[in-house]
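What follows is a single structure, written as structure tokens, with notes after it.
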Amino acid sequence: MAYAALCNEDPNGNVPLGKSCNRYWQCQGGYPRLQRCPAMLVFDRRSLRCVVPPTEDCDVPTTTPPPPEEENQDSRPNTHKSQRPTHGEYQDRQRQATRN
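Numbering (UniProt numbering), first residue to last: 1 to 100.
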């Protein structure tokens, strides 16, 4: 589906995003931009704007925090940068190498 087709009816209006209660398409000059309603507001499909809930389709947004991210399966520390010598350490190593 061409995204520009979303804005065919109103090139400068808002369009609901599926069943989402807080995301919508904002058309500007016929080009859609994905938007999110500010915290504690929901997108109203009738007025096509963000409003204080509840609406016909959406209730008050939950404030439940998202679940914690899963820990990285690779438990080895990232030593890519930490094992590189700093500029001062590099110079010290060069001096020691020239003395030997």
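Each residue gets a CB set at the ideal place from its N, CA and C atoms; glycine is no exception. Please read all numbers here as calculations on a predicted model, not as lab measurements.
For the options A4, W25 and L41, the alpha carbon positioned closest to that of L34 is the one of W25. In this structure V52 is exposed. Its beta-carbon is surrounded by fewer than 16 other beta-carbon atoms within 10 angstroms. With a 10 Å radius around the Cβ and a threshold of 16 neighbouring Cβ atoms, D59 comes out exposed. If you ignore the 5 residues before and after R45, its C-beta comes within less than 8 angstroms of the C-beta of P16, T55, E56 and D57, all in its own chain and listed in chain order. Just so you know, the alpha carbons of A4 and P68 end up roughly 36 angstroms apart. Secondary structure at C7: helix, using DSSP grouped into helix, strand and coil.
Non-local beta-carbon contacts of N22 in its own chain, meaning distances under 7 angstroms to residues more than five positions away in sequence, involve R36, C37, V42, F43 and P61 in chain order. Shortest Cα-Cα distance from P11 to any of S47, M40, C50 and C27 involves C27.
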